[in-house]
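Undergrad:
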Amino acid sequence: MFCQMLKGALMRQKGKLSMIAFTMALGVSLATAMLGVMMDVGDKVNQELKTYGANLSVVPRGTSFLSELYELEEEDGEDTAPNAANAQKAEKYLAEDELVKMKMIFWAFNIVDFAPFLETAAVVGGQPVTLVGTWFDKHLDLPTGESVDTGMKRLKSWWDVTGEWCRDDEDGAMLGQNLAAKLGLKAGDFFEAATPDGAGRKRLEVRAIVNSGGKEDDQAFVPLRLVQDMSNRPGLVQRVDVSALTTPENDLARRAAQDPNSLSRKEWDTWYCTAYISSIAYQIEEVVTGSRAKPVLQVAESEGAILRKTQLLMLLLTVLSLICSALAISNLVTASVMERSSEIGLLKAIGATGAAVALLILTEIVLTSMLGGTAGYFVGLGFAQIIGRTVFGSAIAVKGLVVPLVAILVLLVTLLGSLPAVRMLLSLRPTEVLHGR
Amino acid sequence: MNELENNILELKDVSMIYGAGGQVKALQNINLTVVQGEWLAIMGPSGSGKTTMMNIIGCMDRPTSGAVILDGQDITKLSPRALTAIRRDKIGLIFQQFHLIPYLTALENVMVAQYYHSMIDEAEALQALTRVGLQDRAKHLPRQLSGGEQQRVCIARALINYPKLILADEPTGNLDEANEKIVLDLLRRLHAEGSTIIVVTHAPEVGEHAEKTIFLEHGRVVKTTRNR
Ligand SMILES: Nc1ncnc2c1ncn2[C@@H]1O[C@H](COP(=O)(O)OP(=O)(O)OP(=O)(O)O)[C@@H](O)[C@H]1O
Ligand SMILES: [Mg+2]
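Protein sequences appear in the order of chains G and S. For the first sequence, position 178 matches number 178 in our numbering, and the numbering has no gaps at all. Take any residue in the second sequence, note its place counting from 1, add 1000, and you have its number in our numbering.
In structure tokens, the structure reads:
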């Protein structure tokens, strides 16, 4: 009978209930979009921050800030070939065989992974391509007798790789997905790469396609020694990315980062023996000749901060939209209960307890809300994609977690919104409504 | 007649005063007994306390003072919850405004009373509708029924749980003469079958059908007549 009453109430009061469903749909679509974007974007960035850890970039001392900026811009662009020749003249390098020393500093165990890079412009099938030489999974024997395995495979563990990781001793390549698409290559294909002057020439096998979500999607990664051969720069690298575990910065660390010599002896000892990113950087500079180690954390951190603020804003919007929904629902439900007061009085008069009537009305409202919520959820998925595309420039994969979260929110908002109406309903006395006073 | 043994309802010195300062004395020192199977009519001018009295008898209100003994039980001191239970088990209510649930069919409206009483039984509900001559309209919504038909559904709902006492407040107040006659015939049949009926009315011809009529004025019983 309960179901029959529900069915009757739902089917034959569509007009009145559809307002509640619509309100809920509106609130939920916003909440879904916001939560979906928030959780997905947050996840991606967090993952990157975590994987990078406290990231250090080791470059030759004297590489001016300007040229780094220029290089960055250039890497984002499609065409890198024309600059290779003059860049090469001015370029300074680090020695590949010195890198192993990084695992011998005081903070050796905090240096989790590192990989060197050496880039060269190349031509593949008539198209300009940046070849990036690196270590994929390099085995290093330390003079101390220990050994270390490091390289891109560990440093970029979050890369989405289709195929096999390239080995350092083969003539293979891993192509960024955009580049692979441009060249029409897939894992297992062979291609020939040549330097623009034609001096260096290699036939390579595509081992894997990489989806990184970053500029790497436009690059080709090959074993370091191949680039050294092709561009005739044996034993040299341009940059080393280091992933290190660090202690959060404090005042001392910031002062030391400015100028380590300004510290007192005691402070210096404390700083040197704490895994601040600046002290690790300092120690790397001590062992790698002509190097400058700069934390790239600040960039990541400020990105993270902006993102967190954006997320906070979205959370705020979500909460506000839900509060508005709750208020609107509260009004609608109260109005509906008032309109149905004689029906409620009658149910009480023929023996229904207040709780039984409340249950009936609440179930009716919750079902309506859920229906509206479901519709709103799907609209929200659409909103999420629009927001993702326009604001973050990427598709949003709405997490499964959003579904139960939204369901709980719908329930919460509906029940809270219905609270005043339920109180009214419980205190309603049949005598007040049944005799038409 | 062995009235002492068969009293279904007894009002002893019942008063009802609305408002904190005792402004409205809706009922004043009412004494009344109704025996099993009796048909009682309550008449009186508007505002004389008829509905107030029905509310107290129907366990929807508690008197300010005095005792109400329903089926051998003093209901004056009971909690609202206990009153709900008694109302459900012993009272059948018929209203001037019918009060059918608009989104349920005639049959479902009868079954709602079964549902909150004990168990639903569709066959029995249909039988009740048959008794009031509405078996063909079972699947119709209240808005598809005339006023008289709606009142008959209301009667079917009131008698579905075999109440000890049927209370009808102005059951024909909203009906024309033809429908008034149908409803009165139904009540007469229920009475003939042994039901105890208390009916509030303005209309003398409705009162005539009752065995006993009490006249209220300003919350007091001013006259009692017996028709047989
Ligand atoms: N809840 C209430 N609060 C205050 N006064 C009330 C209340 N209910 C009834 N009264 C008053 O009690 C008196 C009796 O009212 P009641 O409804 O019992 O009259 P009635 O005989 O049923 O009248 P009618 O024939 O118009 O239905 C009236 O003066 C009315 O104003
Ligand atoms: Mg009245």
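Positions of the beta carbon are idealized from the N, C-alpha and C atoms, including for glycine. Keep in mind it's a predicted model, so treat the numbers as computed, not measured.
Give a yes or no on whether 7 Å exceeds the smallest Cβ distance from G/Arg-423 to chain S.
TA: For the purposes of this step, residue 423 of chain G is taken as residue 423 along the first sequence, with counting starting at 1. Chain S, which has no Cβ nearer than 7 Å to the Cβ of G/Arg-423, makes this no.
Undergrad: When burial is assigned at 16 or more other CB atoms within 10 Å of the CB, is G/Leu-72 buried or exposed?
TA: As a first step, residue 72 of chain G must be located in the first sequence, where it is residue number 72. Caution applies to G/Leu-72, whose pLDDT of 47 falls short of 50 and renders its modelled position unreliable; the value that the coordinates give is listed next. Flag for G/Leu-72 reads exposed.
Undergrad: Between the alpha carbons of G/Lys-294 and G/Gly-372, how many angstroms are there, rounded?
TA: For the purposes of this step, residue 294 of chain G is taken as residue 294 along the first sequence, with counting starting at 1. For the purposes of this step, residue 372 of chain G is taken as residue 372 along the first sequence, with counting starting at 1. Straight-line Cα distance between these residues: approximately 53 Å.
Undergrad: According to DSSP, G/Ser-330 sits in a beta bridge with which residue or residues?
TA: Indexing the first sequence from 1 puts residue 330 of chain G at position 330. Paired residues: none, contrary to the question.
Undergrad: Does the beta carbon of S/Thr-1052 fall short of 6 Å from some heavy atom of ligand 1?
TA: Start at 1 with the first residue of the second sequence, and residue 1052 of chain S comes out as number 52. True, at least one ligand heavy atom lies under 6 Å from that Cβ.
Undergrad: Quick one: does S/Asn-1109 have its CB under 7 Å from some CB of chain G?
TA: For the purposes of this step, residue 1109 of chain S is taken as residue 109 along the second sequence, with counting starting at 1. So no, S/Asn-1109 is outside the interface.
Undergrad: For S/Glu-1038, is the classification buried or exposed, using 16 other Cβ atoms within 10 angstroms of its Cβ as the cut-off for buried?
TA: Locating residue 1038 of chain S in the second sequence gives position 38, where the first residue counts as 1. Flag for S/Glu-1038 reads buried.
Undergrad: Since S/Val-1112 meets chain G, which of its residues come closer than 8 Å, beta carbon to beta carbon?
TA: Here residue 1112 of chain S refers to the residue found at position 112 of the second sequence. Correct list: Met-1, Met-5, Leu-347, Ile-350.
Undergrad: Assuming contact is defined by CB atoms lying nearer than 7 Å, are G/Met-314 and G/Met-1 in contact in what I supplied?
TA: Indexing the first sequence from 1 puts residue 314 of chain G at position 314. Indexing the first sequence from 1 puts residue 1 of chain G at position 1. Contact: no.
Undergrad: Relative to the C-alpha of G/Leu-426, which residue among G/Lys-348, G/Ser-157, G/Gly-214, G/Leu-381 is closest?
TA: On the first sequence, position 426 is the one that residue 426 of chain G refers to. Of the listed residues, the one whose Cα sits closest to G/Leu-426 is G/Lys-348.
Undergrad: Any chance the CB of S/Ser-1065 is under 6 Å from a heavy atom of ligand 1?
TA: Counting from 1 along the second sequence, the entry for residue 1065 of chain S is found at position 65. No, ligand 1 has no heavy atom inside 6 Å of this Cβ.
Undergrad: Mind checking if G/Leu-315 is an interface residue toward chain S, Cβ cutoff 7 Å exclusive?
TA: Position 315 of the first sequence, counted from the start, is the residue given in the question as residue 315 of chain G. Not closer than 7 Å to any Cβ of chain S, the Cβ of G/Leu-315 fails to qualify, so no.
Undergrad: What are the residues that DSSP puts in a beta bridge with G/Thr-260?
TA: Sequence index remark: in the first sequence, residue 260 of chain G carries index 260 (1-based). Rather than Thr, the amino acid found at residue 260 of chain G in this sequence is Pro. Answer by DSSP bridge pairing: none, since G/Pro-260 is not bridged.
Undergrad: Measure the beta-carbon distance from S/Ala-1026 to S/Gly-1173 and round it to whole angstroms, keeping in mind my assumption that it falls under 8 Å.
TA: As a working mapping, residue 1026 of chain S is identified with position 26 in the second sequence. As a working mapping, residue 1173 of chain S is identified with position 173 in the second sequence. Between S/Gly-1173 and S/Ala-1026 the Cβ distance is about 19 Å, and since that is not below 8 Å, they are no contact.
Undergrad: Within 7 Å (strictly less), CB to CB, does S/Leu-1165 reach chain G?
TA: To locate residue 1165 of chain S, count along the second sequence from 1; it is residue 165. No, S/Leu-1165 lies away from the interface with chain G (no Cβ there is under 7 Å from its Cβ).
Undergrad: List the endpoints of the continuous beta strand (DSSP E) containing S/Met-1043.
TA: Here residue 1043 of chain S is taken as the residue at index 43 of the second sequence, counted from 1. That run of the beta strand (DSSP E) goes 1039-1043.
Undergrad: Let me know the secondary structure DSSP gives G/Pro-82 once reduced to three states.
TA: Mapped onto the first sequence, residue 82 of chain G falls at position 82. Because the pLDDT at G/Pro-82 is just 46, under 50, the model does not fix this residue reliably, and the point stays unresolved.
Undergrad: List the residues of chain S that G/Ala-335 touches, going by C-beta distances under 7 Å, in chain order.
TA: In the first sequence, the residue the question calls residue 335 of chain G occupies position 335. Ordered by position in chain S, no residue passes the 7 Å Cβ test against G/Ala-335, which lies about 16 Å from the chain.
Undergrad: Whole beta strand (DSSP E) runs in the region 1114-1173 of chain S with 3 or more residues, listed along the chain?
TA: Runs of the beta strand (DSSP E) inside the region 1114-1173 of chain S: 1165-1169.
Undergrad: Indicate whether at least one CB of chain G lies closer than 7 Å to the CB of S/Asn-1055.
TA: As a working note, residue 1055 of chain S is residue 55 in the second sequence. It does: the Cβ of S/Asn-1055 has a partner Cβ on chain G nearer than 7 Å.
Undergrad: Rounded to a whole number of angstroms, what is the C-alpha to C-alpha distance between G/Val-222 and G/Leu-185?
TA: As a working mapping, residue 222 of chain G is identified with position 222 in the first sequence. As a working mapping, residue 185 of chain G is identified with position 185 in the first sequence. Near 15 Å, if we compare the C-alpha coordinates of G/Leu-185 and G/Val-222.
Undergrad: Sorted by chain position, which residues of the same chain lie with C-beta nearer than 7 Å to S/Glu-1217's C-beta, five sequence neighbours on each side aside?
TA: Against the second sequence, residue 1217 of chain S aligns to sequence position 217. Excluding sequence neighbours, S/Glu-1217 sits near Gly-1044, Pro-1045, Ser-1048.
Undergrad: Give the DSSP bridge partners of G/Val-240, in chain order.
TA: Here residue 240 of chain G refers to the residue found at position 240 when the first sequence is read from its first residue. G/Val-58, G/Pro-116.
Undergrad: Would G/Val-357 pass as a contact of G/Ile-365 if the rule is Cβ separation under 7 Å?
TA: Residue numbering aside, residue 357 of chain G sits at position 357 when the first sequence is read from its first letter. Residue numbering aside, residue 365 of chain G sits at position 365 when the first sequence is read from its first letter. Contact: no.
Undergrad: Kindly list, in the order they appear in chain G, the residues whose Cβ is closer than 7 Å to that of S/Tyr-1115.
TA: Taking the first residue of the second sequence as position 1, residue 1115 of chain S is located at position 115. Correct list: Met-1.
Undergrad: Measuring straight from C-alpha to C-alpha, what distance separates S/Pro-1204 and G/Ala-335?
TA: The residue you call residue 1204 of chain S lines up with position 204 of the second sequence. The residue you call residue 335 of chain G lines up with position 335 of the first sequence. Cα to Cα, the separation comes out at about 40 Å.
Undergrad: Go through its chain and collect everything with a Cβ distance to S/Lys-1139's Cβ below 7 Å, but skip five positions before and after it.
TA: The residue labelled residue 1139 of chain S in the question sits at position 139 within the second sequence. Once the five neighbours on either side are set aside, the close Cβ partners of S/Lys-1139 are Thr-1105, Leu-1107.
Undergrad: Among S/Ile-1160, S/Met-1054, S/Gln-1096, S/Gly-1019, which residue has its Cα nearest to the Cα of S/Thr-1130?
TA: The sequence position of residue 1130 of chain S within the second sequence is 130, counting from 1. The residue with the shortest Cα to Cα distance from S/Thr-1130 is S/Ile-1160.
Undergrad: Let's test the definition: count the other Cβ atoms within 10 Å of the Cβ of S/Gly-1147 and tell me whether it reaches 16, buried, or not, exposed.
TA: Locating residue 1147 of chain S in the second sequence gives position 147, counting from the first residue. The residue in question, S/Gly-1147, is exposed, as its Cβ has fewer than 16 Cβ neighbours within 10 Å.
Undergrad: If we count the other Cβ atoms within 10 Å of its Cβ and call it buried at 16 or more, is G/Lys-408 buried or exposed?
TA: Here residue 408 of chain G refers to the residue found at position 408 when the first sequence is read from its first residue. Looking at the sequence shown, residue 408 of chain G is not Lys but Ile. Answer is exposed; the Cβ neighbour count stays below 16.
Undergrad: So is S/Leu-1093 in contact with chain G if we call contact Cβ pairs under 7 Å?
TA: Position 93 of the second sequence holds residue 1093 of chain S. Chain G contact via Cβ: present.
Undergrad: Whole-angstrom Cβ separation of G/Asp-462 and G/Lys-399, contact assumed at under 8 Å?
TA: An answer regarding residue 462 of chain G cannot be provided, because it is not within the stretch 1 to 437 covered by chain G.
Undergrad: Please classify S/Gly-1019 as buried or exposed, where buried requires at least 16 other C-beta atoms within 10 Å of its C-beta.
TA: If you number the second sequence from 1, residue 1019 of chain S lands on position 19. Classification for S/Gly-1019: exposed.
Undergrad: What are the partner residues of G/His-139, as DSSP defines its beta bridges?
TA: Counted from its first residue, the first sequence places residue 139 of chain G at position 139. Per DSSP, G/Asp-149.
Undergrad: For the 8 Å Cβ check, are there 3 or more pairs between the region 368-384 of chain G and the region 27-35 of chain G?
TA: As far as the Cβ criterion goes, the region 368-384 of chain G touches the region 27-35 of chain G, which means the pair count is three or higher.
Undergrad: If you follow the beta strand (DSSP E) that G/Phe-506 is in, where does it begin and where does it stop?
TA: An answer regarding residue 506 of chain G cannot be provided, because it is not within the stretch 1 to 437 covered by chain G.
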